[in-house]
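In the UniProt record's numbering, the protein residues as written are 1 to 188.
Each residue gets a CB set at the ideal place from its N, CA and C atoms; glycine is no exception.
Below: the structure, in structure tokens.
Quick look at the structure:
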């Protein structure tokens with residue numbers, strides 16, 4: 001992690017679908033709810049709210065494109081046929097010294113590394129058999145869709161100095177503890 005001591009820090013949470021990112025982030029959000037150093041960014045997605053999915057703000061494709069054109073987003077990307085974004089307000093929160101935690105795509109890590117001097121990439125992962133089982137339990141995709149999703153891998157430098165790896169193949173409490181320890185160690 002880098003920090004010039006005048007700003008907060010961006011924590012980019014990445015990993016494959018089914019790794020448990022939302023579960024781990026939800027537990028951390030609850031554990032840190034009384035610590036005003038931390039802000040968990042709410043994503044904007046071109047998908048309506050649905051039971052069993054993350055809590056997010058929804059925009060249709062036209063409104064999303066307008067928001068991009070208007071500069072409303074700090075980051076935006078496409079994945080799995082949807083558009084995702086983080087609001088521009090996270091930049092103010094980081095400038096004001098907060099530690100901002102967000103679930104992002106590995107596709108925007110280069111941009112994050114350019115824009116946020118203090119940052120950490122937390123890669124949450126699990127074994128392939130665990131990922132497949134979790135994705136099947138969601139009931140949102142066919143077996144073929146799951147196989148294709150698992151075969152699709154976005155490469156990035158996961159051995160870079162700013163990457164922290166958390167394996168969530170086993171007891172989720174251990175992964176949550178590792179995530180919380182990392183967040184609490186961030187100096188912003």
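Alpha carbon of residue 12 to alpha carbon of residue 81, nearest angstrom:
Cα to Cα, residue 12 sits roughly 21 Å from residue 81.
Opposing strand residues paired with residue 120 [DSSP bridges]:
For residue 120, DSSP records a beta bridge to 11.
Any idea if residue 66 is buried or exposed, counting beta-carbon neighbours within 10 angstroms, 16 or more meaning buried?
Residue burial annotation: residue 66 is exposed, with fewer than 16 other C-beta atoms found within 10 angstroms of its C-beta.
What's the gap between the Cα of residue 5 and the Cα of residue 27?
With a pLDDT of only 43 at residue 5, under 50, the local geometry of the prediction cannot be trusted, and the value read off the model is given with reservation. The alpha-carbon atoms of residue 5 and residue 27 are separated by roughly 28 Å.
Does the distance from the C-beta atom of residue 170 to that of residue 99 stay below 7 Å?
No, Cβ-Cβ distance for residue 170 and residue 99 is not below 7 Å.
For residue 34, name the three-state secondary structure that DSSP assigns.
Correct three-state label for residue 34: coil.
Taking residue 77 and residue 108 to be in contact with their CB atoms under 8 Å, please state how far apart those CB atoms are, rounded to whole angstroms.
Rounded, the Cβ-Cβ distance is 5 Å, consistent with contact.
Distance, residue 164 Cα to residue 195 Cα:
This structure cannot speak to residue 195, because the chain is shown only from 1 to 188.
Inter-residue spacing [alpha-carbon to alpha-carbon] between residue 184 and residue 61:
Cα to Cα, the separation comes out at about 37 Å.
Taking the beta strand (DSSP E) that residue 167 belongs to, which residues open and close that run?
Note, residue 167: beta strand (DSSP E), 163-167.
Excluding five sequence neighbours on each side, which residues of the same chain lie with their C-beta closer than 6 Å to the C-beta of residue 161?
So the list is empty, once near-sequence residues are dropped.
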